[in-house]
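Only one structure is covered here, and it is reproduced in the block below.
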Amino acid sequence: MKEMGSSASVKVSPITHRRDTVQTCNLQVAWKRHKNIEKMLYAAKLEASRTVKLLLLGAGESGKSTIAKQLRLIHLNGFSEEERLVFRLIIHCNVTESTLALLGAMTKLGISFSNPKIENDAAYLYSYMNMTGTRDHEFTPELVQVIDRIWNDHGIQECYKRSNEFQLLDNAGYFFGRLSALSGDNYIPCDDDIIRARLKSTGIIPTEFKFRKRRFVVVDIGGQRTERRKWIHCFDDVTAIIYTVAISAFDQKLREDPTKNRIRESMDIFKAVCNSVWFKKTSLMIFFNKTDLFEEKIKTVPLTVFSPEYTGSNSSREARNYIRDKFLALNKFKHRQIYHHFTVATDTQNIQFVFDSCADVIVKGSLESIGMF
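Take 236 as the starting number for the sequence shown in our numbering and just add one per residue.
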C-alpha cells in the first residue's frame with residue numbers, strides 16, 4: 236500500500252505547453268518592441284535637446300540686431316565682402332540721416348549755427364538729398380566735406396548734446412568721428428563699423444550656429460510697434476528668451492509715439508512677455524544694454540527724469556540697479572528666476588563673455604523642456 240504523503244507526477248498536455256510557449260514569445264516580442272520605442276523616444280528627445288531656439292525680444296533700438304551680429308562674428312565666419320559692401324551703403328545712409336536729424340533739431344530747439352556759412356552747407360545737403368534720395372545718393376568727397384563742416388559747427392555740437400530731445404541714431408558720434416575713413420573709394424566697413432551700422436529690423440531674421448555640441452537658432456524680430464504682431468509666429472518650441480533694454484534711453488521718447496518714454500514702453504512689453512503663459516517655463520534673461528552710454532548720460536541727466544520718485548544718488552551703479560529692480564518686479568511667476576546682465580552690445584568681448592555665461596542656463600532650459608533634467 237502507498238503511503239498517504241507520497242507525491243504523484245502531473246502530466247502537462249502538449250496543447251497547454253504550446254500555449255504557454257506562445258504566450259512567453261509574445262511577451263518577449265512586446266517587451267522588445269517597447270524597449271525599441273523607448274530608445275526611439277529617447278533619441279528624439281536627445282536630438283531635440285541639441286537644438287536651442289533663442290528669441291531676441293525688446294523694444295525698437297534696444298540692441299537686438301547688434302547682439303545677433305555679434306553672435307555671427309563670434310560663432311560663424313563673420314561677414315562676406317559682398318555683405319560688407321551692403322553695409323557700406325547702410326553706413327553712408329546712417330551718416331546722412333543723422334546729419335539731417337541734427338539740422339532739423341536746430342530749428343526745433345532754437346539753436347543757431349556758430350558759423351553763418353553753415354547755412355549754405357545745409358541748403359546744399361537738402362538740395363542734394365531731394366535730387367538723389369536718402370538711400371540712393373553717392374558719398375562724394377564734396378558731400379563728405381559738407382557733412383564734416385556741419386558736424387564741427389559749435390551750434391551743431393550743442394544740438395548733439397541735447398539729442399535726448401529728438402530722434403538721433405546712437406551711432407552718430409561714432410561715424411561722424413570716422414568721416415575721413417568712410418569717404419575713401421576703397422572703404423570696406425570693418426567689424427566695428429558693421430556692428431554699429433543701424434538698419435531697422437523688419438520681419439523675422441534667424442541666425443544659426445553650432446555651440447557646445449548644440450545647434451543654436453537665434454531669432455531676431457523687429458521691436459517697433461508695427462513689428463510686434465509678428466512675434467507670436469515664433470513662440471513655438473522656444474528654449475530661452477533674451478530681452479534687451481536700452482537703459483541709456485531713460486530720458487528719451489519713442490520714434491512711434493513722442494509722448495511715451497522708451498523705458499516705460501520697454502517695461503510694458505516685458506511685463507507682457509514675462510507673464511505670458513507661452514513662456515511660463517521658458518528661461519528668461521534680461522540684457523540691460525548700452526551701459527556705456529548710460530554711464531556717460533547719468534553724469535549730467537538725473538534719473539528723476541524717468542522716475543520722479545527715485546531718491547537715490549546719480550551713481551551709475553545705483554541708478555542702473557534701480558531700473559533693473561523695476562523690471563524684475565514685473566514678474567508674477569515668483570518661482571521663476573530671471574537672469575540679468577548689464578551689457579554693451581557693441582563690445583564683442585563683453586557679448587562673448589555674457590553669452591558664454593548664459594549658455595549653461597539656456598542648455599539646462601532645453602533639457603528641462605523635454606523632461607531630461
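Think of the CB as a built atom: it goes at the ideal place given N, C-alpha and C, for glycine as much as any other residue.
If you drop the 5 nearest sequence neighbours on each side, which residues of the same chain put their C-beta closer than 6 Å to that of residue i?
i, result
"Ala340", "Cys394 and Phe401"
"Lys288", "Val452, Asp472, Val473 and Thr474"
Measure from the alpha carbon of residue i to the alpha carbon of each residue in the options, then state which is nearest.
i, options, result
"Lys396", "Thr578, Val536 and His327", "Val536"
"Ala204", "Ile586, Pro543 and Phe505", "Residue coverage of the chain in this structure runs from 236 to 608, which leaves residue 204 outside it and unanswerable."
"Asn496", "Ser347, Asn399, Met520 and Arg413", "Asn399"
"Asp420", "Phe568, Phe374 and Thr517", "Phe374"
"Ile579", "Glu531, Gln392 and Tyr557", "Going by the sequence as given, residue 579 is Val instead of Ile. Checked all of Glu531, Gln392 and Tyr557; the closest Cα to Val579 is Glu531."
"Lys299", "Glu316, Ile430, Thr342 and Arg323", "Ile430"
"Thr581", "Met366, Asp405 and Ile353", "Asp405"
"Ile597", "Val512, Glu354 and Arg449", "Arg449"
"Gly438", "Asn585, Leu292, Gln587 and Glu491", "Leu292"
"Tyr422", "Leu290, Arg319 and Thr367", "Arg319"
"Thr301", "Ser592, Ser436, Asn329 and Thr517", "Ser436"
"Asn585", "Lys516, Arg559, Thr526 and His570", "Thr526"
"Glu354", "Arg490, Thr367, Gln587 and Ile391", "Ile391"
"Gln305", "Gly345, Phe411, Asn365 and Asp426", "Asp426"
"His570", "Thr517, Ser592, Asp591 and Gly345", "Thr517"
Identify the continuous alpha helix (DSSP H) that holds residue i and give its terminal residues.
i, result
"Phe410", "Ala407 to Phe411"
"Asn556", "Ser551 to Leu563"
"Ala336", "Glu316 to Leu344"
"Asp383", "Pro376 to Trp386"
"His310", "Lys299 to His310"
"Gly390", "His389 to Lys396"
"Ala357", "Ile353 to Thr367"
"Ser415", "Leu414 to Leu417"
"Ile430", "Asp426 to Arg431"
"Glu527", "The sequence given here places Asp at residue 527; Glu does not occur at that position. That run of the alpha helix (DSSP H) goes Thr526 to Lys532."
If you check the beta carbons only, do residue i and residue j fall under 8 Å apart?
i, j, result
"Asp356", "Val381", "yes"
"Phe514", "Ile476", "yes"
"Ala432", "Ile325", "yes"
"Val589", "His575", "no"
"Ala303", "Ile482", "no"
"Thr583", "Ile309", "yes"
"Ser203", "Ile573", "What the structure shows of the chain is the stretch from 236 to 608, and residue 203 is not part of that stretch, so it cannot be assessed."
"Ser347", "Asn524", "no"
"Leu528", "Tyr478", "no"
"Val183", "Leu290", "As displayed, the chain neither begins before 236 nor continues past 608, which places residue 183 out of reach and without an answer."
Given residue i, which residues of its chain have a CB within under 8 Å of its CB, disregarding the five upstream and five downstream residues?
i, result
"Cys360", "For the record, residue 360 in the displayed sequence is Leu; it is not Cys. Once the five neighbours on either side are set aside, the close Cβ partners of Leu360 are Thr331, Thr334, Leu335, Leu338, Leu378, Val381, Ile382 and Ile385."
"Leu311", "Thr442 and Phe444"
"Val540", "Phe485 and Asp486"
"Ala507", "none"
"Ala594", "Phe446 and Arg447"
"Phe322", "Phe314, Pro424, Asp428, Ile429 and Ala432"
"Asn510", "Leu565, Asn566, Lys567 and Phe568"
"Ser548", "Ala554"
"Tyr557", "Leu538, Ser542, Tyr545 and Gly547"
"Tyr277", "Summary for Tyr277: the model assigns pLDDT 47, below 50, so the residue's position carries little reliability, and this model does not support an answer."
"Lys416", "The question names Lys, but residue 416 is Ala in the sequence shown. Result list for Ala416: Tyr422, in chain order."
If I measure Cβ to Cβ from residue i and keep anything under 7 Å in the same chain, skipping five residues before and after, which residues do I get?
i, result
"His389", "Ser349"
"Lys561", "Met502"
"Tyr409", "Arg431"
"Leu414", "Val379, Ile382 and Asp383"
"Pro376", "Ser418"
"Gln587", "Ile309"
"Arg559", "Phe523 and His575"
So the beta strand (DSSP E) residue i belongs to, where does it begin and stop?
i, result
"Glu443", "Ile439 to Phe446"
"Phe505", "First-last for Phe505: Arg497 to Cys509, but that is the alpha helix (DSSP H), not the beta strand (DSSP E)."
"Ile477", "Ala475 to Ala481"
"Ile456", "Arg449 to Ile456"
"Pro575", "Pro is not the amino acid found at residue 575; the sequence shown has His there. That run of the beta strand (DSSP E) goes Tyr574 to Phe577."
"Val536", "Careful: Val536 lies outside any beta strand (DSSP E) and carries neither H nor E."
"Lys288", "Thr286 to Gly293"
Just mark residue i as buried or exposed, buried being the case when its beta carbon has 16 or more other beta carbons within 10 Å.
i, result
"Ile456", "buried"
"Lys343", "exposed"
"Val480", "buried"
"Arg307", "buried"
"His327", "buried"
"Ser362", "exposed"
"Ala407", "buried"
"Asn329", "buried"
"Thr367", "exposed"
"Glu316", "exposed"
"Leu281", "Unreliable placement is indicated for Leu281, whose pLDDT of 49 sits below 50; no coordinate value is reported for it."
"Leu489", "buried"
"Leu434", "exposed"
Answer with yes or no whether the minimum CB distance from residue i to chain C is below 8 Å.
i, result
"Pro441", "Reference to chain C is not applicable here, since this structure consists of a single protein chain."
Is residue i close to the ligand HEM? I mean its beta-carbon at under 7 Å from any heavy atom of the ligand.
i, result
"Met341", "With respect to small molecules bound, the structure shown includes none, and the ligand HEM cannot be examined in it."
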